[in-house]
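To keep things clear, I will list the structure first and then write my remarks on it.
Protein chains: 2
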Amino acid sequence: MEHNSAIGVFDSGVGGLTVVREIMRQLPNENVVYFGDTARVPYGSKSKQTVLKYSRQIIRFLMTKNVKAIVVACNTASALALPELRPEISVPIIGVVRPGAKMAVSLTETKNIGVIGTEATVKSGIYTRYIRELTKEVTVVSKACPLFVPLVEEGLLEDRITDDMVDRYLSEMKAYNVDSLVLGCTHYPLITNAIKRYMGENVKLINPAYETTKELKNMMREEGILNQDSAPAVYEFYASDGADKFTTFADRVLPMHVDKVNIVDIESY
Amino acid sequence: MEHNSAIGVFDSGVGGLTVVREIMRQLPNENVVYFGDTARVPYGSKSKQTVLKYSRQIIRFLMTKNVKAIVVACNTASALALPELRPEISVPIIGVVRPGAKMAVSLTETKNIGVIGTEATVKSGIYTRYIRELTKEVTVVSKACPLFVPLVEEGLLEDRITDDMVDRYLSEMKAYNVDSLVLGCTHYPLITNAIKRYMGENVKLINPAYETTKELKNMMREEGILNQDSAPAVYEFYASDGADKFTTFADRVLPMHVDKVNIVDIESY
Chain A
5 MEHNSAIGVF DSGVGGLTVV REIMRQLPNE NVVYFGDTAR VPYGSKSKQT VLKYSRQIIR
65 FLMTKNVKAI VVACNTASAL ALPELRPEIS VPIIGVVRPG AKMAVSLTET KNIGVIGTEA
125 TVKSGIYTRY IRELTKEVTV VSKACPLFVP LVEEGLLEDR ITDDMVDRYL SEMKAYNVDS
185 LVLGCTHYPL ITNAIKRYMG ENVKLINPAY ETTKELKNMM REEGILNQDS APAVYEFYAS
245 DGADKFTTFA DRVLPMHVDK VNIVDIESY
Chain B
5 MEHNSAIGVF DSGVGGLTVV REIMRQLPNE NVVYFGDTAR VPYGSKSKQT VLKYSRQIIR
65 FLMTKNVKAI VVACNTASAL ALPELRPEIS VPIIGVVRPG AKMAVSLTET KNIGVIGTEA
125 TVKSGIYTRY IRELTKEVTV VSKACPLFVP LVEEGLLEDR ITDDMVDRYL SEMKAYNVDS
185 LVLGCTHYPL ITNAIKRYMG ENVKLINPAY ETTKELKNMM REEGILNQDS APAVYEFYAS
245 DGADKFTTFA DRVLPMHVDK VNIVDIESY
């Protein structure tokens, strides 16, 4: 492994590209290998055992690419698998949950923090645990929003139906006077407008991708593994199924066009 | 393999239990082994190559259970994989697409047939092809309805939001004066009421599970493999992930309680 080895980033699908976007912004020197498990997406309704198994396969794949650090850019995998994965691997690994939790604590004034995510993330209770490790003086209101991912994937970003679902899922958040809300799933930042319209301007929406990349940068600096090369960064994209959807989504999220997505038989890892 | 060997039934998830229900009704003597690929659900947004690979793994698993016939109780797998699977295996195999297509042709008077299903099923064009093999004198209007599955899984069976989506997805069906509509995904029969309300009483809704089981019975009679035993039928349920959701759905669909779901490591087949 070298300083110019890539950072490995993975997600259950394409949502984790929002983290790649942040790496491009905050760490423009770094090479990235991204893997999206598009064949087995979504993880949010799966068991811990399955998500752990899938994450291990992906990490084995990323290690063949000689990555120097790994970002679990998937809230569900961060919530369900990261604690068990960490001692198993030899490179630094970071998830999106802890940075999101930290940000929420630092921003709240009403001491009421909201967390929305997939069924699995919310059921795991991990955001609440991390937040309460930082401070006992907050109330955490969490809510699973299983229809948000399919609504985003159907492209209904600005739509009456999405507004209607936001209204239903988030009514408790209003009732509890939440003033900082963690978007605990990488798809949710794409419906920020709808969420903001419902929650109001005074509620801070936290996109963990930004904070995670900031922590990644600190961690890499401490470990002494930042890339010192001035060569243009190289980005490689891998997925377990169909490239078409991947590039369509990537074009919406990334500041560059992805012209090649390599398909990987992830079950063989 | 014996006359009292089980019929193997599989689906991407739990939707195929609607076919098991029909087998219980129409073939009460027959033993059934059901496999639901709950770890890798949904298939509807995946590529042909992936669906074919998953179907082959499942068939290898079912063959270890010594099944005498296989029902592909998943529209997507029937559409994308069945033609290639048929020559590879030694027992009779039947899918849900052809029986549904036949029924639609026999029921239409306006000669305008509608087909709704997942993205993959609709994109494959297989319903249209089967229907046009039966008659050239019909127009087929097909439409992918990707939000119906998550809406059903979220339990919004009688809900304004579901009605709203039905309205959007099916407006073309009305415009084309469709009088027979194939529910080309095993989840859709659960929102029959919402679809009927929108389409009106004169439009016949076709649930391929019923017709498929009728054909299965004929096929088994012809092959001489109907079970002659009078012992009570045995039903075994297998899934690739979490048993909880499986039993909840099963309780809604089946006339019996499923008290044991066996978890299978399907990737090892």
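Keeping their order, the protein sequence lines are chains A and B. For the first sequence, this note's numbering begins at 5 and goes up steadily by one. For the second sequence, this note's numbering begins at 5 and goes up steadily by one. Glycine included, each C-beta is placed from N, C-alpha and C at the ideal position.
Give the interface partners of residue i over in chain A, defined as CB-CB distance under 8 angstroms, in chain order.
i: B/Ser-59; result: Those within 8 angstroms of B/Ser-59 in chain A number zero; the least Cβ separation is about 13 angstroms.
i: B/Glu-162; result: Within 8 angstroms Cβ-Cβ: nothing; B/Glu-162 doesn't reach chain A, min ~15 angstroms.
Taking just the CA atoms, how far does residue j sit from residue i?
i: A/Thr-22; j: A/Gly-121; result: 16 angstroms
i: A/His-261; j: B/Thr-190; result: 37 angstroms
i: A/Val-36; j: A/Ser-94; result: 18 angstroms
i: A/Arg-164; j: B/Leu-209; result: 28 angstroms
i: B/Ala-85; j: B/Leu-56; result: 5 angstroms
i: A/Asn-211; j: A/Asn-33; result: 23 angstroms
i: A/Ile-229; j: A/Tyr-38; result: 19 angstroms
i: A/Pro-269; j: A/Lys-69; result: Looking at the sequence itself, residue 269 of chain A is Asp, so the reference to Pro does not match. Rounded to the nearest angstrom, the two C-alpha atoms are 15 angstroms apart.
i: A/Lys-71; j: A/Pro-96; result: With the sequence shown as reference, residue 71 of chain A is identified as Val, and Lys is not the correct amino acid for it. One C-alpha to the other measures close to 10 angstroms.
i: A/Ala-213; j: A/Ala-254; result: 15 angstroms
i: B/Tyr-242; j: B/Asp-41; result: 9 angstroms
i: A/Ala-10; j: A/Arg-102; result: 23 angstroms
i: A/Lys-218; j: A/His-7; result: 18 angstroms
i: A/Gln-232; j: B/Glu-162; result: 59 angstroms
i: B/Asn-206; j: B/Glu-176; result: 16 angstroms
i: B/Leu-258; j: B/Val-24; result: 8 angstroms
i: B/Lys-147; j: B/Arg-64; result: 33 angstroms
i: A/Ala-235; j: A/Gln-30; result: 16 angstroms
i: B/Met-67; j: A/Glu-26; result: 48 angstroms
i: A/Met-107; j: A/Leu-185; result: 10 angstroms
i: B/Asn-266; j: B/Thr-251; result: 11 angstroms
i: A/Met-223; j: A/Val-13; result: 15 angstroms
i: B/Glu-226; j: B/Met-5; result: 17 angstroms
i: B/Val-109; j: B/Gln-53; result: 30 angstroms
i: B/Glu-157; j: A/Asp-263; result: 35 angstroms
i: B/Leu-220; j: B/Leu-187; result: 19 angstroms
i: A/Asp-168; j: B/Val-170; result: 15 angstroms
i: B/Phe-152; j: B/Ala-73; result: 30 angstroms
i: A/Tyr-173; j: B/Tyr-202; result: 26 angstroms
i: B/Lys-200; j: B/Lys-178; result: 12 angstroms
What residues of chain A sit near residue i, judged by a beta carbon separation below 7 angstroms?
i: B/Thr-190; result: What B/Thr-190 touches in chain A: nothing, since even the nearest Cβ is about 17 angstroms away.
i: B/Ser-223; result: Reading off the sequence shown, one finds Met at residue 223 of chain B, where the question assumed Ser. Going along chain A, no residue has its Cβ under 7 angstroms from B/Met-223, so there is no contact; the nearest lies around 32 angstroms.
i: B/Thr-54; result: Ala-43 and Asp-245
i: B/Pro-154; result: Pro-150, Leu-151 and Pro-154
Using a cut-off of 9 angstroms between C-beta atoms, extract the partners of residue i located in chain A.
i: B/Glu-176; result: What B/Glu-176 touches in chain A: nothing, since even the nearest Cβ is about 17 angstroms away.
Near residue i, what residues of its chain come up, given a Cβ to Cβ distance below 8 angstroms and the 5 sequence neighbours on each side ignored?
i: A/Ser-49; result: Thr-122, Glu-123, Ala-124 and Pro-150
i: A/Thr-216; result: Val-23, Glu-26, Val-75, Ala-77, Ile-98, Gly-99, Val-100, Pro-103 and Gly-104
i: A/Lys-127; result: Ala-148
For residue i, I'd like the list of residues in its chain whose CB is within less than 7 angstroms of its CB, leaving aside the five on either flank, ordered along the chain.
i: B/Thr-166; result: Leu-155, Leu-160, Ile-195 and Ala-198
i: A/Gly-129; result: none
i: A/Asp-183; result: Thr-112, Glu-113, Thr-114, Asn-116, Asn-206, Val-207 and Lys-208
Give the residues of chain B in contact with residue i, contact being defined as C-beta atoms less than 7 angstroms apart.
i: A/Ile-195; result: Ordered by position in chain B, no residue passes the 7 angstroms Cβ test against A/Ile-195, which lies about 14 angstroms from the chain.
i: A/Asp-168; result: Ile-165
i: A/Ser-51; result: Asp-245 and Gly-246
i: A/Glu-271; result: Glu-271
Who are the near neighbours of residue i in its chain, counting only those whose CB is closer than 6 angstroms to its CB and skipping five residues on each side?
i: A/Val-76; result: Ser-82, Leu-86 and Gly-99
i: B/Tyr-180; result: Asn-116 and Val-145
i: A/Ala-105; result: Tyr-131, Tyr-134 and Ile-135
i: B/Tyr-239; result: Val-36
i: A/Ala-43; result: Ser-244 and Asp-245
i: A/Val-45; result: Ser-16 and Gly-17
i: B/Thr-143; result: Asn-116
i: B/Tyr-273; result: Gln-61, Arg-64 and Phe-65
i: A/Gly-118; result: Val-145, Met-177, Val-182 and Leu-185
Closer than 9 angstroms by beta-carbon distance: list the chain B residues that pair up with residue i, in chain order.
i: A/Ile-229; result: What A/Ile-229 touches in chain B: nothing, since even the nearest Cβ is about 33 angstroms away.
i: A/Thr-3; result: Nothing about residue 3 of chain A can be read from this structure; chain A reaches only from 5 to 273.
Please list the partners that residue i has in chain B, where partner means a Cβ-to-Cβ separation under 8 angstroms.
i: A/Glu-158; result: Pro-150 and Leu-151
- Is it true that the region 106-115 of chain B meets the region 79-91 of chain B, where meeting means three or more beta-carbon pairs spaced less than 8 angstroms apart? no
- Query: Residue ranges of each beta strand (DSSP E) run of no fewer than 3 residues wholly in the region 184-246 of chain B, ordered along the chain?
  - Reply: 184-188, 208-210 and 239-243
- Query: Counting Cβ pairs closer than 8 angstroms, one from the region 245-258 of chain B and one from the region 130-141 of chain B, do we hit at least three?
  - Reply: no
- Quick one: any contact between the region 44-64 of chain A and the region 84-98 of chain A, if contact means 3 or more CB pairs under 8 angstroms? yes
- Three or more beta-carbon pairs under 8 angstroms between the region 16-35 of chain A and the region 179-195 of chain A, yes or no? yes
- Task: Identify every run of the beta strand (DSSP E) within the region 120-184 of chain B, keeping only runs that are complete inside it and at least 3 residues long; order them along the chain.
- Result: 143-148
- Sequence ranges, alpha helix (DSSP H) only - wholly within the region 83-115 of chain B, length at least 4: 86-89 and 101-111
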